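So the structure is just underneath, and the comments pick up after that.
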Amino acid sequence: MGGKKKPTLSQLAKKQEKQQQAQAKPAAKGRRAPAEERPTVKASLIDQKLLSDVEKEIVKWEYVTPYLVATRFNTKMSVAYQILRTLASKGTLVLVSKGHRTEVYTTPERLKQLAA
1 MGGKKKPTLS
11 QLAKKQEKQQ
21 QAQAKPAAKG
31 RRAPAEERPT
41 VKASLIDQKL
51 LSDVEKEIVK
61 WEYVTPYLVA
71 TRFNTKMSVA
81 YQILRTLASK
91 GTLVLVSKGH
101 RTEVYTTPER
111 LKQLAA
């Protein structure tokens, strides 16, 4: 009993017009179809080139968090943590604040400026 109602003639006509307009309309410029997008591969290992690139770039930043490193260098969060801890053990970075979720680092020069 019951069931879905059939659309009226005017509703069918409107639906058909919309479909024809959608087919006639060219694809928007600058946008890619989802099928054309390439999946990005994030770095999952620390190599010396990545470490040196991060070290050169980080010196310019006011503060550094694992999230900033992961997003700017397209790495996994675990790799970002490892990179920052490695640079802190070298003395390039200083740990400013550590919570149970994240760590905030800065350069020793900036830390001296903040303390003064």
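Be aware that the sequence shown starts at 1, since it is given in this note's numbering, and climbs by one per residue. Glycine is no exception: its CB is placed at the ideal position from the N, C-alpha and C atoms. Keep in mind the model is a prediction, meaning the values are calculated, not measured.
query: Opposite S97 in the DSSP bridges: which residues?
result: Paired residues: V104.
task: Taking K76 as the reference, give the member of V64, E109, V41, T86 with the closest Cα.
output: Taking K76 as reference, the option from V64, E109, V41, T86 with the minimal CA-CA separation is V41.
Cutoff 8 Å; reference Y67; Cβ partners in own chain excluding five residues on either side: Closer than 8 Å at the Cβ level, and outside the excluded window around Y67, lie M77, A80, T102.
- prompt: With respect to the alpha helix (DSSP H) encompassing K49, which residues constitute its N-terminal and C-terminal limits?
  reply: Per DSSP, K49 belongs to the alpha helix (DSSP H) from 48–58.
T65 - DSSP class collapsed to helix/strand/coil: Looking at T65 - three-state DSSP - the assignment turns out to be coil, as it is neither helix nor strand.
field: Helix, strand or coil at A24 [DSSP, three-state]
entry: Correct three-state label for A24: helix.
- prompt: Per DSSP, which one or two residues make a beta bridge with T40?
  reply: T40 pairs with nothing; no bridge assigned.
query: Is it true that the CB of L84 sits closer than 8 Å to the CB of V96?
result: Taking 8 Å as the cut-off, the Cβ atoms of V96 and L84 do not count as close.
task: Identify, in the order they occur along the chain, each residue of the same chain with its Cβ nearer than 6 Å to the Cβ of V64, setting aside the five sequence neighbours on each side.
output: Result list for V64: I58, Y105, in chain order.
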